Amino acid sequence: MLFQDRTAAGQFLAEALADYANRSDVLVLALPRGGVPVAFEVAKALNVTLDVLVVRKLGVPDNKELAMGAIASGSVRVLNQDIVQQLSISDEVVDGITLQEREELERREQLYRGARPFPDLWARTVILVDDGLATGATMWAAILALRQQQPARIVVAVPVAAPETYQELAGKVDKIVCSATPSPFYSVGRWYKNFPQTTDEEVRDLLATATKNQRSLFLST
């Protein structure tokens with residue numbers, strides 16, 4: 002294992018992102034839910050704003066942990082055609098799972114954001130943070146969703162990633178920062194000592210704390 006938990010992983014990752022500290026044009030966007038505790042530590046260390054970009058994995062019918070694609074805010078959907086064709090998954094099944102996950106995506110957006118609008122990303126540097134990359138499907142959906150908002154730069158930052166996924170994404174963003182790319186990879190959770198499921202309540206609490214910290218900083222300057 003590499004990390005004690007997501008908090009420790011975020012603190013370690015923040016050291017590699019020190020060049021982005023104290024910059025008003027930088028925004029950290031977490032992929033809920035597991036990416037939020039990591040991103041919270043990154044944003045706190047860099048002294049930049051934290052927000053979320055909701056993305057949902059499209060799991061195959063008999064193995065929901067295996068991603069055949071992902072969806073993100075802005076009606077973005079990406080599919081892993083190799084998996085879809087290999088497992089002979091029909092369009093009807095893909096569309097049905099997409100609809101279910103779209104409902105969950107909208108529920109989480111309402112829960113985490115409420116009436117607060119999505120931040121303006123134009124001409125900003127966005128650091129996308131998750132707790133790790135396995136297939137990269139959810140991160141790629143997030144990248145496509147971000148491109149619609151025309152940020153100046155997209156940086157992917159994760160504590161750990163599968164080597165092949167790291168290489169694939171490296172050519173699709175401005176920069177990728179990753180603490181480790183172990184091989185064989187197995188799974189994201191394999192590289193954490195403590196890897197419990199992050200709850201909605203934890204996400205909301207961390208976002209509220211981050212917002213409070215930013216307001217306090219603004220009032221003190």
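To convert a position in the sequence shown, counted from 1, into this note's numbering, add 1. Think of the CB as a built atom: it goes at the ideal place given N, C-alpha and C, for glycine as much as any other residue. Since we're looking at a predicted model, the values are computed, not measured.
Under 7 Å, do residue i and residue j count as touching if we go by C-beta distance?
i, j, result
"Val56", "Glu110", "no"
"Thr142", "Ala73", "It should be pointed out that residue 142 corresponds to Ala in this sequence rather than to Thr. A contact, by the Cβ cut-off of 7 Å."
"Val29", "Ala15", "no"
"Ile155", "Val178", "no"
"Ile84", "Leu59", "no"
"Asp52", "Pro120", "yes"
"Tyr167", "Phe4", "no"
"Thr50", "Gln198", "no"
Would you mind giving the Cβ-Cβ distance between residue i and residue j, rounded to the nearest angstrom? I have them listed as a contact below 8 Å.
i, j, result
"Gly36", "Val130", "5 Å"
"Thr136", "Asn81", "7 Å"
"Gly75", "Pro38", "Gly75 to Pro38, Cβ: 25 Å. No contact."
Roughly how many angstroms lie between the CA atoms of residue i and residue j, to the nearest whole one?
i, j, result
"Glu165", "Phe186", "10 Å"
"Ala181", "Arg114", "32 Å"
"Leu207", "Leu47", "16 Å"
"Lys213", "Arg117", "14 Å"
"Phe219", "Thr126", "Since pLDDT at Phe219 reaches only 49, below the 50 mark, its modelled position is unreliable, and the value read off the structure follows with that caveat. Looking at the two C-alpha atoms, the distance is approximately 20 Å."
"Arg7", "Gln87", "34 Å"
"Ala44", "Val157", "14 Å"
"Val95", "Glu104", "14 Å"
"Ser89", "Gly70", "14 Å"
"Arg78", "Ile144", "11 Å"
"Asp92", "Gln150", "29 Å"
"Ala22", "Leu170", "24 Å"
"Asp201", "Ala19", "29 Å"
"Ser221", "Ala9", "Annotation note: pLDDT 47 at Ser221 (below 50); position unreliable, coordinate value reported separately. Taking the straight line from one Cα to the other gives about 28 Å."
"Thr210", "Phe196", "22 Å"
Whose CA, out of the options, lies closest to the CA of residue i?
i, options, result
"Glu42", "Arg148, Val159, Asp121", "Val159"
"Glu107", "Pro33, Asp20, Asp121, Ala171", "Pro33"
"Ala17", "Asp201, Lys176, Gln101", "Lys176"
"Ser25", "Met2, Ala209, Phe196, Ala124", "Ala124"
Would you please verify whether the beta carbon of residue i is less than 7 Å from any beta carbon of chain B?
i, result
"Val79", "The chain inventory of the structure shown lacks chain B, comprising one protein chain alone."
Among the residues of its own chain, which have a CB less than 6 Å from the CB of residue i, if the five just before and after it don't count?
i, result
"Glu203", "none"
"Pro128", "Per the sequence shown, residue 128 should be read as Ile rather than Pro. Same-chain partners within the cutoff: Val29, Val156, Ala158."
"Val27", "Tyr21, Val49, Thr126"
Report all residues from its chain with a CB closer than 8 Å to the CB of residue i; omit the five preceding and five following residues, and keep chain order.
i, result
"Met147", "Sequence check: residue 147 is Leu here, not Met. These residues qualify, in order along the chain: Leu30, Leu54, Leu122, Val127, Leu129, Ile155."
"Gln205", "Reading off the sequence, residue 205 comes out as Arg, not Gln. Same-chain partners within the cutoff: Leu112, Tyr113."
"Phe13", "Phe4, Pro160, Ser180"
"Glu102", "Arg57, Lys58, Leu59, Ile72"
Quick one: what's got a C-beta closer than 7 Å to residue i's C-beta in the same chain, skipping five residues either side?
i, result
"Ala162", "Gly133, Leu134, Cys179, Thr182"
"Glu66", "Gly60"
"Ser188", "Ala135"
"Met2", "Trp192, Tyr193, Lys194"
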